[in-house]
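As they're listed, the protein sequences go chains A and B. Position 112, counted from 1, in the first sequence is what my numbering calls 112; the numbers after and before it change by one each time, with no gaps. Position 74, counted from 1, in the second sequence is what my numbering calls 74; the numbers after and before it change by one each time, with no gaps. A short worksheet on the structure shown next.
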Amino acid sequence: MEAIAFYLFSAITIGMFAIVVFSKNALYAMSALAGGMIAISGFFFMLDADFLGAVQIIVYTGAVMALYAFGMMFFDTTKDVKENIKETKIVNALWISAVVILVVIVSVPFLSDQVLLDASTSDYKVIGANNPQAVGIFLFTKYLVQFELAAVMLLVAMIAGIILVSKKMDISLTTMDEQIEKEEFDIKEAK
Amino acid sequence: MITLTHYLVLSGILFSIGLAGVIRRKNLLLLFFSTEIMLNAVNIGFAAVAKFYGDLTGQMVAFFIIAVAASEVAVGLGLLVLWYKRNGTIDLESMQEMKG
Numbered sequence: 001m002e003a004i005a006f007y008l009f010s011a012i013t014i015g016m017f018a019i020v021v022f023s024k025n026a027l028y029a030m031s032a033l034a035g036g037m038i039a040i041s042g043f044f045f046m047l048d049a050d051f052l053g054a055v056q057i058i059v060y061t062g063a064v065m066a067l068y069a070f071g072m073m074f075f076d077t078t079k080d081v082k083e084n085i086k087e088t089k090i091v092n093a094l095w096i097s098a099v100v101i102l103v104v105i106v107s108v109p110f111l112s113d114q115v116l117l118d119a120s121t122s123d124y125k126v127i128g129a130n131n132p133q134a135v136g137i138f139l140f141t142k143y144l145v146q147f148e149l150a151a152v153m154l155l156v157a158m159i160a161g162i163i164l165v166s167k168k169m170d171i172s173l174t175t176m177d178e179q180i181e182k183e184e185f186d187i188k189e190a191k
Numbered sequence: 001m002i003t004l005t006h007y008l009v010l011s012g013i014l015f016s017i018g019l020a021g022v023i024r025r026k027n028l029l030l031l032f033f034s035t036e037i038m039l040n041a042v043n044i045g046f047a048a049v050a051k052f053y054g055d056l057t058g059q060m061v062a063f064f065i066i067a068v069a070a071s072e073v074a075v076g077l078g079l080l081v082l083w084y085k086r087n088g089t090i091d092l093e094s095m096q097e098m099k100g
């Protein structure tokens, strides 16, 4: 049962992410990325990380992909970005060999000995709680400082995002260059 | 029986897909997408290690990675919109100002 779920979710995730990387249209890429994120949360539920799976759906598909969707309203997605992809042999050989080497490096040390769950020293057993409770206990005791730092970082990122995008929001994008030139000219005149 | 190896190989494959995207694509938006793929691949690896070693630290690190990814999207997308307003393109080559 677990094997079926694992291979199903693997196929979905790899297929979706392959579409993201190799699709010409940015809109298709974004939709495929959202689908892949949902499939990844399936892995988290299989790995007893219930809270992480819920956070994955809420943050990635709910917040990050919605932010990308809003961001894409600024770009003209109907016309494809003309990508000057040089299909040289060197580039292809580089990325294919990078892919192969990465998979080998990650997998080979673990092929010799299969690591199994050692339940006696498990954090769940020590705390005697299910996953969301255990996560809460860990997050607010052992990782409290990191948690607060992450909160401050998110606040800074939010303010930075607002300031970056909302600057000159009232000017139409097509006439922006002329407007800025006119403003600069006016400033020079005033001097 | 699904072991830790399966999850780590999957994590490696997904990371490689993201890496291939970063190397190959020239659209800046797609570079952001590829970065998200790489971060998610690492998250799967952390969650798998957390389960098979019975240690919750892996999940904690995955949480903080998600927080970092959310901040990165907010700031990065703001910069990208600003770049598009200035130059009217999100092609990576438009950032290449030094000819060398």
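Note that beta-carbon positions come from the ideal geometry of N, C-alpha and C, so glycine has one too.
Of the choices the options, whose alpha-carbon is the least far from that of residue i?
{"i": "V75(B)", "options": "F75(A), M73(A) and V64(A)", "result": "V64(A)"}
{"i": "A151(A)", "options": "F32(B), K26(B), T35(B) and F63(B)", "result": "F63(B)"}
{"i": "T57(B)", "options": "N131(A), M46(A) and K188(A)", "result": "N131(A)"}
{"i": "L220(A)", "options": "F45(A), G161(A) and I187(A)", "result": "With chain A covering 1 to 191 only, the question about residue 220(A) has no answer from this structure."}
{"i": "V9(B)", "options": "E72(B), A48(B) and L39(B)", "result": "A48(B)"}
{"i": "D55(B)", "options": "I187(A), D48(A), V99(A) and L94(A)", "result": "D48(A)"}
{"i": "L39(B)", "options": "A26(A), Q56(A) and D50(A)", "result": "Q56(A)"}
{"i": "I96(A)", "options": "H6(B), Y53(B) and I23(B)", "result": "I23(B)"}
{"i": "Y60(A)", "options": "I65(B), K26(B), L79(B) and Y84(B)", "result": "I65(B)"}
{"i": "A157(A)", "options": "A70(B), L19(B) and Q59(B)", "result": "A70(B)"}
{"i": "E72(B)", "options": "Y84(B), L82(B), T35(B) and G21(B)", "result": "T35(B)"}
Identify whether residue i lies in helix, strand or coil by the three-state DSSP scheme.
{"i": "N130(A)", "result": "coil"}
{"i": "N40(B)", "result": "helix"}
{"i": "D186(A)", "result": "helix"}
Are there 16 or more other CB atoms within 10 angstroms of the CB of residue i, so buried, or fewer, so exposed?
{"i": "D28(A)", "result": "Correcting the residue type first, residue 28(A) is Tyr in the shown sequence and not Asp. Y28(A) should be labelled exposed."}
{"i": "K51(B)", "result": "buried"}
{"i": "V21(A)", "result": "buried"}
{"i": "T5(B)", "result": "buried"}
{"i": "V104(A)", "result": "exposed"}
{"i": "G136(A)", "result": "exposed"}
{"i": "F70(A)", "result": "exposed"}
{"i": "L19(B)", "result": "buried"}
Return no unless some Cβ of chain D is closer than 9 Å to the Cβ of residue i.
{"i": "E36(B)", "result": "Considering every chain present, this structure includes no chain D. Its protein chains are A and B."}
Just to confirm before moving on: does the CB-CB distance between residue i and residue j stay below 9 Å?
{"i": "F9(A)", "j": "A39(A)", "result": "yes"}
{"i": "M72(A)", "j": "L29(B)", "result": "yes"}
{"i": "A5(A)", "j": "M16(A)", "result": "no"}
{"i": "I17(B)", "j": "A41(B)", "result": "yes"}
{"i": "M30(A)", "j": "F33(B)", "result": "yes"}
{"i": "V165(A)", "j": "L31(B)", "result": "no"}
{"i": "M60(B)", "j": "L149(A)", "result": "no"}
{"i": "S94(B)", "j": "I44(B)", "result": "no"}
Runs of 3 residues minimum, wholly inside the segment 8 to 78 of chain A: which ones carry the beta strand (DSSP E) assignment? none
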